[in-house]
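S.K.: In the working numbering, the protein residues as written are 716 to 1895.
A single structure is presented below for examination.
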């Protein structure tokens, strides 16, 4: 049956059509599909044109698109008596006649660049911010956006709706999420005047106040001068002669706030075009009359003509003619016109200038609905007109590039090119692959080719256009820019914020190649081409798809913080890093959607967007709703926050923002697990084995000592529980660090609670001033409070806050405390203190074991995290699809019991990373390799006698969350005499093990290279062994970072001296000299070992000879008895003879003079007798 609809619904649609703005309706009810039919017929009556409809849903529709199935459903309704001829017939005719595109939510990437009159979003709980941006921005001005929501019992229950996207934040035991995003969504609709709540019978619901101010727009009605001006420009403008032949940009006609200026520019260009045509006609007449001039005068006239032609070519608009002017009239904004005119100055047909161009790169940035694809299509047609013969078109979204080809066809048609006569399109799988133009005889090979930039190789070309460049991985895009003139086009904010990656990563790298940098304003003022290499920024600011003051666009940018591109300057004087204060942000205040909360949220998101490149609108749900994620801000410490009112929070200068997540299973009993049949079989088998082992060992344990038996029993139970849980570990989504550690090291890590730092951002004006390191230190100290003894012994914890009074305190999480006492804090408090006696502590956490982070590996970030004593433990071998960087995981322990475990992880990582350097990480920057392999202070502080990972190491016996027993994972490998066990020991290279690494011939070749200057390639095979010995400190040689970098790059990454020289930008001879110096020192160390070995061998031989002599001396036989008397007789004779000689000497002294005697007295000569006595010569 027919029912009269509230006139304000129709009035809102009519006003939006007239003003070129979009309207938005939220339909609450189970029969929302019938509302879509009514709006479709209403739009057909208001605007007579073909309307395309986009219908997005999750899995299935509430109706069937098949005619046979719908006919069966109609039969069933007729039998049941529920058939309504008006409603059902209208819906059936709607499906037959309307041009509807049905699209899954996971395929919304394909609709980018398309334009629709109506957008229907079904399955409201599956709509994420990314999907919201993609779908809403495809609607034309005057179009309708319809949200279909299920029926609710009470209207206030709409604020309690949850998203399916919330499930990923409840996997670690924190089963509740905040509903701040949905609160903000519905409250923010009050600021959008074109939004309205209705039911499935099109009755207005009083969920906002917008319906109270809806009145029909007339020429008489206006509130002020600005409103009158807006209305006059907003009324349908189809009678404008200038744009009468052009399809209007909105449903209500062409609307542009600078329409008058655009019309003046077109009129000015028409006058220039007429002058150019008169000049060309005069030149043509002059050349045709030259045959009647004598031969001598002809040359002079021709010279005059060439000079005149050069002057015309030097004019900035000398290329204008009727064809080009007709194409320029298609421009719907002044920005489009400026870009096309400026590009024509470069694309113009001047052979000399074409030869001088080496590389010009254009960076075209624009938001959605600015006519970016149309501009590219018109540029392609102009390039064909100016005789460019080799053109390549690429796109990050191959489905969206069809819009570029549509405007290319329109441009070629205006320029006088006819399909099949002047050009031909070649299709492949239903898509344009190549366009061949054969109108000009001189340029037979004039063609436009489309390449898949990711899969196909790009050839050199004259003009290259890359649409949606931000969707292409940076490492691929950077290597495939091969055009003399290249245009990189991308969306700046829009659907997923991909322009941030493009801006912060690729653009900065590309700008370093060019000396000449031009802004858009400088480019527009340029009259002549005075450069051969340049980087030029181009922007499109004026919207074309809808009105310039569209309220839905404003609401979307404010709600999802898409316009937070520039940070606000700091107001107060800077504070030193040590005096700054750390505050915990209460996320519940953001659901209020008031001025204070929105300003704080925009400041936070601005710092994230300007400092990081991996930002998407979906991050907003993660930041606002997840209890697993924390937010901290770093502010000036000189401010008195005790007496700070909420209104004064807008004046606070935020120095930095940190976003972190809780990793680990907080409440395992409350976590929902997905148990598979194979897991149950494994668990039962493991439990049986544990029971049998326990029965075998129970008697022995109890017989020795009862206490030991009970402890051993608890240990087996803990290990059994660990084995059972290990099969289910991968089902805990959202726990990045435990998943990587458990999967890579076979070490169950889910029971350790850690904090993963997702992102940390410092104000751009304060970077590289130690604020980031101090920020991390204060966060580390804050989470260390959870492990302090004072915290564990308290039964009641106070939570201080900044701003407001302290009355009516409730729990910060809106619920009850789990055995931790009450919390004296308010839900409306904006900031909580993190230091001092009243520090705020999260009630969900009882203990924190570690801090961690995962990021794209770059030189600056690696140095920053290593400076703050984070240890690398994992490096992914595959590059990131967006940035082309390797993802690295770094950890820092808070619980001292995990320190040895992390050190074992690091040594295992070094062993793996060193082996993968010639393969997966061959192209990694050499300086990064050195920083990863160098010894960190935190690692060098390990205790003596520890064993590394993989060698008799106990990987931890740490009890967590107050559990009885301990969790122990043992990674035991038998000791073997291999290189791995040697590297992990504390033994230096010596003569006992040197020949295990070096053959004697190897040492000879090394000596010849060092001493004789032989070829380096003779000892190249020894470089890996030498680098391993230096890496693991088996050869105690101190070297500089440059020497380490060169050694690791050549030995581990297999780079040549030429490659490493080009990378670190030094001469090849210098690289060879450094390498020879390193090997000379290694050879000296080895030579000392060999010399000591030879010395020990010689000494051993001498000792052995002496031992043999002594042994032979002991074995000599004594003479027989017959010779004893003869020996005694000879001895007696020898003693007498010696006595006579002594007496003769004494007489000589006596016969000498007195002087001699005096001297003898002074000398006191001492004579030694044979009997051992001493004779003292004195006075005689």
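For each residue, glycine too, the CB sits at the ideal point set by N, CA and C.
Remember, it's a predicted structure, so these values are computed and weren't measured experimentally.
Is residue 1308 near the ligand COA, judged by its Cβ being under 8 angstroms from some heavy atom?
M.R.: What this structure holds is no ligand at all, so the ligand COA is not there to describe.
S.K.: Start and end of the alpha helix (DSSP H) containing residue 1186?
M.R.: Residue 1186 -> no alpha helix (DSSP H), and no H or E assigned at all.
S.K.: DSSP three-state label for residue 1264, please.
M.R.: DSSP places residue 1264 in coil when its eight states are reduced to three.
S.K.: In chain order, what residues of the same chain lie with their CB nearer than 7 angstroms to the CB of residue 745, ignoring the 5 residues before and after it?
M.R.: Same-chain partners within the cutoff: 865, 866, 915.
S.K.: According to DSSP, simplified to helix, strand and coil, what is residue 1455?
M.R.: In this structure, residue 1455 counts as helix in the three-state DSSP scheme.
S.K.: Which residue's Cα is closest to the Cα of residue 1317: 1283, 1155, 1549, 729?
M.R.: Nearest of 1283, 1155, 1549, 729 to residue 1317, Cα basis: 1283.
S.K.: Quick check: what's the CA-CA separation for residue 1371 versus residue 1625?
M.R.: Straight-line Cα distance between these residues: approximately 33 angstroms.
S.K.: Under the three-state reduction of DSSP, which class applies to residue 982: helix, strand or coil?
M.R.: Note: residue 982 maps to helix in three-state DSSP.
S.K.: If we ignore side chains and look at the alpha-carbon of each, how far apart do residue 1050 and residue 974 end up?
M.R.: The alpha-carbon atoms of residue 1050 and residue 974 are separated by roughly 12 angstroms.
S.K.: Between which two residues does the beta strand (DSSP E) carrying residue 1645 extend?
M.R.: No beta strand (DSSP E) holds residue 1645; the alpha helix (DSSP H) holding it covers 1641–1648.
S.K.: Excluding sequence positions up to five away, which residues of its chain have a Cβ less than 7 angstroms from the Cβ of residue 988?
M.R.: Same-chain partners within the cutoff: 1035, 1036, 1037, 1040.
S.K.: Judging by CA-CA distance, which residue of 1090, 1563, 1796 is the nearest neighbour of residue 1503?
M.R.: Selected option, being the one with the closest Cα: 1563.
S.K.: Between which two residues does the alpha helix (DSSP H) containing residue 1594 stretch?
M.R.: From DSSP, residue 1594 is part of no alpha helix (DSSP H) but of the beta strand (DSSP E) over 1586–1594.
S.K.: I'd like to check one pair, residue 1139 with residue 1124: are the Cβ atoms closer than 9 angstroms?
M.R.: No, they are not a contact pair.
S.K.: From the DSSP output, in three-state form, read off residue 1078 for me.
M.R.: The answer is strand: DSSP assigns residue 1078 an E or B state.
S.K.: Pick helix, strand or coil for residue 1116, following the three-state DSSP scheme.
M.R.: Residue 1116 falls in the coil class under three-state DSSP.
S.K.: Would you report the Cα separation of residue 965 and residue 850, rounded to the nearest angstrom?
M.R.: If you take the alpha carbons of residue 965 and residue 850, they lie about 17 angstroms apart.
S.K.: Taking DSSP as the reference, what is the three-state secondary structure of residue 1228?
M.R.: Note: residue 1228 maps to coil in three-state DSSP.
S.K.: Considering only residues of the same chain and omitting the five flanking positions on each side of residue 660, which have a CB-CB separation below 8 angstroms?
M.R.: Here the chain comprises residues numbered 716 to 1895, so residue 660 is not present and cannot be evaluated.
S.K.: Contact between the stretch 1251–1261 and the stretch 1076–1096 is defined here as three or more beta-carbon pairs at a separation below 8 angstroms; is this criterion met?
M.R.: Yes, the stretch 1251–1261 touches the stretch 1076–1096.
S.K.: For residue 772, tell me which candidate among 1267, 814, 823, 740 has the shortest Cα-Cα distance.
M.R.: Closest by alpha carbon: 823.
S.K.: Just grab the DSSP bridge partners of residue 1165 for me.
M.R.: Looking at the DSSP assignment, residue 1165 forms a beta bridge with 1108.
S.K.: Quick check on DSSP: helix, strand or coil for residue 864?
M.R.: It is a strand residue.
S.K.: So is residue 1489 buried or exposed if we call it buried at 16+ other beta carbons inside 10 Å?
M.R.: Label assigned to residue 1489: buried.
S.K.: Take residue 881 and list the residues in its own chain whose beta-carbon comes closer than 7 angstroms to its own, dropping the five residues that flank it on each side.
M.R.: Hits under 7 angstroms: 892, 1340.
S.K.: Which word fits residue 1045, buried or exposed, when buried means at least 16 other C-beta atoms lie within 10 angstroms of its C-beta?
M.R.: It counts as buried.
S.K.: Could you please give me the residues that DSSP links to residue 1754 through a beta bridge?
M.R.: DSSP lists no partner for residue 1754.
S.K.: In this structure, how does DSSP classify residue 1701 when only helix, strand and coil are distinguished?
M.R.: Residue 1701 falls in the coil class under three-state DSSP.
S.K.: How would you call residue 1639, buried or exposed, if buried means at least 16 neighbouring beta carbons within 10 angstroms?
M.R.: Answer is buried; the Cβ neighbour count reaches 16.
S.K.: Per DSSP, what kind of secondary structure is residue 731 in: helix, strand or coil?
M.R.: It is helical.
S.K.: Output yes or no for whether 9 angstroms exceeds the beta carbon distance between residue 1177 and residue 1104.
M.R.: Yes, they are a contact pair.
S.K.: Skipping 5 residues on each side, what residues in its chain have a beta carbon closer than 7 angstroms to that of residue 1573?
M.R.: 1600.
S.K.: With DSSP run on the structure shown, which of helix, strand or coil describes residue 1606?
M.R.: Three-state result, residue 1606: strand.
S.K.: Answer yes or no: do residue 1042 and residue 1097 have a C-beta to C-beta separation smaller than 9 angstroms?
M.R.: Yes, Cβ-Cβ distance for residue 1042 and residue 1097 is below 9 angstroms.
S.K.: Given this structure, state the Cα-to-Cα distance separating residue 1380 from residue 1320, to the nearest angstrom.
M.R.: If you take the alpha carbons of residue 1380 and residue 1320, they lie about 29 angstroms apart.
S.K.: Closer than 6 angstroms by C-beta to residue 1617: which residues in its own chain qualify, once you throw out the five before and the five after it? Chain order, please.
M.R.: Around residue 1617: 1586, 1606, 1608.
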